[in-house]
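Numbering-wise (the numbering used here), the sequence shown opens with residue 1 and increments by one.
Think of the CB as a built atom: it goes at the ideal place given N, C-alpha and C, for glycine as much as any other residue.
Accompanying notes for the structure given below.
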Amino acid sequence: MNHLLGDNLLLLFDGLCEPRNPGGFACYGWLIKSGDAVVASGHGLAARNSTNNFAEYAALGFGLRWLTDRQWSGKLKIMGDSKLVVEQITQRWNCNKEHLQKLRARCWELLAIVGEWEITWHPREQNEEADALSRQAYVEETGQQPPERTRRK
């Protein structure tokens with residue numbers, strides 16, 4: 001199956017929880033790129049009355065699941081703007097919440113199938129494509145635009 005997707009892919013992921021966190025609609029978005037071309041994407045509602053961290057893990061998990069469902073393996077670069085998810089996946093930070101431990105464990109299972117991978121954090125401003133998908137999921141679920149987030153300087 002790699003011949004269709006290539007051996008080196010980029011997975012971008014993002015989650016949001018609006019209109020409040022915790023307690024809002026946890027929506028996710030992910031996309032997979034081969035070079036500059038988007039080869040797959042997805043978005044949706046992860047849970048109601050949840051958290052942003054749950055949405056971020058869901059985004060990563062759904063992107064990884066898409067790859068493993070297609071029996072893809074190769075070199076995967078993963079980028080997201082959730083410092084918590086990136087640091088917990090790499091085990092630089094502890095994961096103390098039981099519901100996030102389960103999501104992290106599932107991501108690790110999928111990463112083991114994928115093969116070689118690296119995950120890095122990058123600023124929200126550089127994650128616009130995945131952010132747009134998570135925001136689109138919120139609109140589709142609620143019929144409203146998510147609140148504008150203030151940008152850190």
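Reduced DSSP category for residue i - H, G, I as helix; E, B as strand; rest coil
| i | result |
| --- | --- |
| residue 83 | helix |
| residue 118 | strand |
| residue 93 | coil |
| residue 52 | helix |
Boundaries of the alpha helix (DSSP H) in which residue i is found, first to last residue
| i | result |
| --- | --- |
| residue 131 | 128-142 |
Option nearest residue i by Cα separation, candidates the options
| i | options | result |
| --- | --- | --- |
| residue 42 | 108, 32, 53 and 48 | 32 |
| residue 49 | 132, 122, 26 and 117 | 26 |
| residue 123 | 117, 116 and 131 | 131 |
| residue 147 | 141, 135 and 140 | 135 |
Counted within 10 angstroms of its Cβ, other Cβ atoms place residue i as buried (16 or more) or exposed
| i | result |
| --- | --- |
| residue 98 | exposed |
| residue 52 | buried |
| residue 85 | buried |
| residue 93 | exposed |
| residue 127 | buried |
| residue 115 | exposed |
| residue 14 | buried |
| residue 71 | exposed |
Boundaries (first-last residue) of the beta strand (DSSP E) holding residue i
| i | result |
| --- | --- |
| residue 18 | 8-18 |
| residue 34 | 24-34 |
DSSP bridge partner residues for residue i (one or two, in chain order)
| i | result |
| --- | --- |
| residue 45 | 27 |
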